[in-house]
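Student: Each residue of the sequence shown is one higher than the one before, counting from 711 in my numbering. Quick reminder that beta carbons are idealized off the backbone N, C-alpha and C, glycines included.
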Amino acid sequence: MLQAADLSFGYTGTSSSLVLDRVSVTVPGGRVTGILGPNGSGKTTLLRLLAGTLRPQSGRVLFEDSDLRQWPRRRLAQQLASVPQDTHLAFDYSVLDVVLMGRYPHLGAFQVEGPSDLAIAHGALRATGTDAFADRPFTTLSGGERQRVVIASALAQLATAGTNAAGTGFNLSDLSTNGTLLLDEPTAALDLGYQLEIAALLERLNRERGLTMVISTHDLAFAASLCDDLVLLREGRVLACGPVDDVLTEDTIRALYDVEASIHRDAASGRLVIVPRRHLPTA
Numbered sequence: 711m712l713q714a715a716d717l718s719f720g721y722t723g724t725s726s727s728l729v730l731d732r733v734s735v736t737v738p739g740g741r742v743t744g745i746l747g748p749n750g751s752g753k754t755t756l757l758r759l760l761a762g763t764l765r766p767q768s769g770r771v772l773f774e775d776s777d778l779r780q781w782p783r784r785r786l787a788q789q790l791a792s793v794p795q796d797t798h799l800a801f802d803y804s805v806l807d808v809v810l811m812g813r814y815p816h817l818g819a820f821q822v823e824g825p826s827d828l829a830i831a832h833g834a835l836r837a838t839g840t841d842a843f844a845d846r847p848f849t850t851l852s853g854g855e856r857q858r859v860v861i862a863s864a865l866a867q868l869a870t871a872g873t874n875a876a877g878t879g880f881n882l883s884d885l886s887t888n889g890t891l892l893l894d895e896p897t898a899a900l901d902l903g904y905q906l907e908i909a910a911l912l913e914r915l916n917r918e919r920g921l922t923m924v925i926s927t928h929d930l931a932f933a934a935s936l937c938d939d940l941v942l943l944r945e946g947r948v949l950a951c952g953p954v955d956d957v958l959t960e961d962t963i964r965a966l967y968d969v970e971a972s973i974h975r976d977a978a979s980g981r982l983v984i985v986p987r988r989h990l991p992t993a
């Protein structure tokens with residue numbers, strides 16, 4: 711379980727310019743939690759604080775009931791992996807190289823990847839449907855293909871050393887049972903087809919392995935279809951949090967985005983459908 715307890719953070723370090731103000735959030739294990747909010751609400755900042763890449767000015771982050779700052783970085787990286795919105799590489803790495811980067815937390819000083827690490831990387835590529843790209847330069851892939859490869863790298867990072875010495879046998883069951891995946895706008899700038907592919911992939915990872923996920927997104931439909939729980943942020947504060955059906959209402963959408971919308975449940979899929987109607991003038 712991942713928890714934010716009374717977090718406050720500002721990039722200038724002053725209380726007058728807080729990006730997050732006394733935010734408390736609980737991410738239940740084995741569930742998908744979405745973070746929703748308008749631009750500048752603090753979604754990405756909260757995700758970085760949960761990942762430990764930023765330190766709060768006040769409050770703390772707990773992972774498995776221990777303060778994140780007390781976790782050895784290598785051990786934490788074996789159980790907590792992040793997928794950024796954009797991935798820019800300094801060199802023209804192959805897709806396999808990018809996925810193998812996820813194995814770094816499992817290697818000792820001056821140690822290189824062995825057969826089991828290669829098996830894990832190839833298994834992660836298979837799990838994300840990107841094994842055919844293994845030898846291609848990462849930069850030649852489309853946006854959706856790149857996103858799936860970066861997710862594969864995160865899966866390789868969370869995988870335990872469950873393969874045998876011959877380097878065979880990796881599958882999704884080798885993922886850490888305590889693994890948590892943090893994703894920042896995983897469907898941003900993707901076309902509808904790739905959005906559906908990414909959503910289906912994440913849903914399968916959660917369903918088949920119980921992988922805990924925290925997803926920052928602008929996409930209400932994506933959040934409604936994939937997430938179990940939602941955290942609504944506005945101006946750095948939690949507006950509402952809880953199960954999707956309880957939190958995603960016409961009233962909360964109006965309070966969050968100043969948008970009038972209607973919500974109904976699709977008869978075929980059983981999922982919530984949000985139809986924005988008009989932007990309301992702010993006071």
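Considering just the uninterrupted stretch of the alpha helix (DSSP H) at Gln-857, what are its terminal residues?
Tutor: What you label residue 857 is simply residue 147 of the sequence shown in a count that begins at 1. Where Gln-857 is concerned, the enclosing alpha helix (DSSP H) stretches over 853–868.
Student: Identify the continuous alpha helix (DSSP H) that holds Ser-971 and give its terminal residues.
Tutor: Numbered from 1 along the sequence shown, position 261 holds the residue referred to as residue 971. Contrary to the premise, residue 971 reads as Ala rather than Ser in this sequence. Per DSSP, Ala-971 belongs to no alpha helix (DSSP H); it is in the beta strand (DSSP E), 969–975.
Student: Less than 8 Å between the CB atoms is what I'm expecting for Gly-952 and Leu-921, so what's the real figure, rounded?
Tutor: In the sequence shown, the residue the question calls residue 952 occupies position 242. In the sequence shown, the residue the question calls residue 921 occupies position 211. Not a contact, Cβ separation roughly 21 Å.
Student: Which residue wins for smallest C-alpha separation from Ala-831, given the options Asp-845, His-974, Gly-818?
Tutor: As a first step, residue 831 is located in the sequence shown; it is residue number 121 there, counting from the start. Looking at the Cα atoms, Asp-845 is the closest of the given residues.
Student: Secondary structure at Arg-672, three-state DSSP: helix, strand or coil?
Tutor: Any answer about residue 672 is impossible in this case: the structure gives the chain only from 711 up to 993.
Student: Would you check if there are 3 or more beta carbon pairs closer than 8 Å linking the stretch 862–869 to the stretch 783–791?
Tutor: Per the Cβ contact rule, the stretch 862–869 is in contact with the stretch 783–791 (3 or more Cβ pairs under 8 Å).
Student: In the stretch 756–839, which residue ranges form an unbroken alpha helix (DSSP H) of at least 4 residues, counting only runs that do not cross its ends?
Tutor: You should have 783–787, 805–810, 825–837.
Student: Pick from Ala-965, Arg-987, Tyr-967, Leu-966: whose alpha carbon is nearest that of Ile-973?
Tutor: Your numbering for residue 973 matches position 263 in the sequence shown. Measuring from the Cα of Ile-973, the nearest candidate turns out to be Arg-987.
Student: Can you give me the C-alpha to C-alpha distance between Pro-748 and Leu-756, rounded to a whole angstrom?
Tutor: Here residue 748 is taken as the residue at index 38 of the sequence shown, counted from 1. Here residue 756 is taken as the residue at index 46 of the sequence shown, counted from 1. Whole-angstrom Cα-Cα distance: 14 Å.
Student: Using the DSSP secondary-structure output, state which residues sit across from Cys-951 in a beta bridge.
Tutor: One-based indexing of the sequence shown puts residue 951 at position 241. Per DSSP, Val-941.
Student: Pop quiz: Leu-949 and Thr-838 are said to be a contact at Cβ under 8 Å. What is the actual Cβ separation, rounded to whole angstroms?
Tutor: Taking the first residue of the sequence shown as position 1, residue 949 is located at position 239. Taking the first residue of the sequence shown as position 1, residue 838 is located at position 128. That pair is no contact at about 33 Å.
Student: For Glu-913, I'd like the list of residues in its chain whose CB is within less than 7 Å of its CB, leaving aside the five on either flank, ordered along the chain.
Tutor: Numbered from 1 along the sequence shown, position 203 holds the residue referred to as residue 913. So the list reads Leu-936, once near-sequence residues are dropped.
Student: Hey, how far is the Cα of Gly-853 from the Cα of His-798?
Tutor: Within the sequence shown, numbered from 1, the residue matching residue 853 stands at position 143. Within the sequence shown, numbered from 1, the residue matching residue 798 stands at position 88. Here the alpha carbon of Gly-853 sits roughly 12 Å from the alpha carbon of His-798.
Student: Roughly how many angstroms separate the alpha carbons of Val-822 and Leu-828, rounded to a whole number?
Tutor: Here the question's residue 822 lines up with position 112 in the sequence shown. Here the question's residue 828 lines up with position 118 in the sequence shown. Cα to Cα, Val-822 sits roughly 11 Å from Leu-828.
Student: Excluding the five sequence neighbours on either side, which residues of its own chain have a C-beta within less than 6 Å of the C-beta of Arg-743, listed in chain order?
Tutor: Start at 1 with the first residue of the sequence shown, and residue 743 comes out as number 33. According to the sequence shown, residue 743 is Thr rather than Arg. Once the five neighbours on either side are set aside, the close Cβ partners of Thr-743 are Val-737, Val-924, Asp-939.
Student: In the DSSP assignment, find the unbroken beta strand (DSSP E) run with Leu-936 in it and report its ends.
Tutor: Translated into the one-based positions of the sequence shown, residue 936 becomes position 226. Note, Leu-936: premise wrong, no beta strand (DSSP E); alpha helix (DSSP H) at 930–936.
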